[in-house]
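Oh and the sequence shown: position 3 is 9 in the numbering used here, straight run, nothing missing. Cβ coordinates follow ideal geometry from the N, Cα and C atoms, glycine included. This one's a predicted model, so the numbers in the text were calculated from it and none came from an experiment. Take a look at the structure set out below.
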Amino acid sequence: MSQVGLLAFAFLLCLPFFTAAQTTGRFEDIQSDGATIAQFDTETISYEKDPYSREVWISVWIKTSPDDYDQSYSLNHYLLRKDKREILVLDRIGYTGSGRILYQTANVYEPSLWDPVIPETTNEYYYTAVLRYAKANDKKLLQAYNKDKPQNKLITTARTIGDFLRVY
């Protein structure tokens with residue numbers, strides 16, 4: 007086999023890896039020991055204000071890697087405390103390999119549900135990857151947060167209600 011043929015063969019073997027990397031633009035990998043264990047959604051990551059204090063959290067959806075046996079996976083909605091190394095699960099949605107919902111659970115925010123981030127656990131890998139992304143994209147996340155602040159939503163809602171009342 008010539009060198010050109012060998013290079014073409016090697017390229018074709020690696021092609022699925024290159025296309026897989028290109029199709030995951032929305033999601034950032036979370037890795038442990040060089041293997042991807044989950045991905046987080048960069049389109050829905052945001053800063054969110056604690057309703058009871060001035061603290062600002064990171065809100066993020068994390069998609070687990072498909073199970074080797076049945077390809078099932080889950081989407082989990084987490085809140086992360088930037089300064090206290092704590093994590094809280096708000097929502098969990100389990101899917102089959104074909105995308106059907108297996109289960110869905112939701113928690114109402116409860117301050118006692120925060121868990122410490124324990125070293126060398128899956129939650130630590132999640133926390134570290136998401137925090138690294140948030141720090142690198144802080145300016146963009148802050149702009150979106152300031153644009154969507156609750157008082158801005160209240161003003162918009164008041165205008166909408168005012169417009170609605172004027173029409174009727």
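Just mark residue i as buried or exposed, buried being the case when its beta carbon has 16 or more other beta carbons within 10 Å.
i: L86; result: buried
i: Q28; result: Because the pLDDT of Q28 is 38, which lies under 50, any placement of that residue in the model is unreliable, and the question is left without a value.
i: Q77; result: exposed
i: Q45; result: buried
i: N143; result: exposed
i: Y53; result: buried
Which same chain residues end up closer than 8 Å to residue i when comparing Cβ atoms and leaving out the 5 residues on each side of it in sequence?
i: S80; result: K69, T70, R98, I99, G100, Y101
Helix, strand or coil, according to DSSP, for residue i in the structure here?
i: E126; result: coil
i: N152; result: helix
i: Q28; result: Any answer about Q28 is weak, because its pLDDT of 38 lies below 50 and its placement is not dependable; what the coordinates show is given next. DSSP places Q28 in helix when its eight states are reduced to three.
i: Y79; result: strand
According to the Cβ coordinates, are residue i and residue j closer than 8 Å?
i: D121; j: L96; result: no
i: E34; j: Y132; result: no
i: I43; j: I51; result: no
Tell me which residues share the same chain as residue i and place their Cβ nearer than 6 Å to its Cβ, disregarding the 5 neighbours each side in the sequence.
i: A41; result: none
i: A135; result: I36
| request: State whether the stretch 107-115 contacts the stretch 140-149, with contact taken as three or more CB pairs (one from each stretch) at a distance under 8 Å. | output: Inter-segment contact for the stretch 107-115 and the stretch 140-149 is absent: fewer than three beta-carbon pairs are separated by less than 8 Å.
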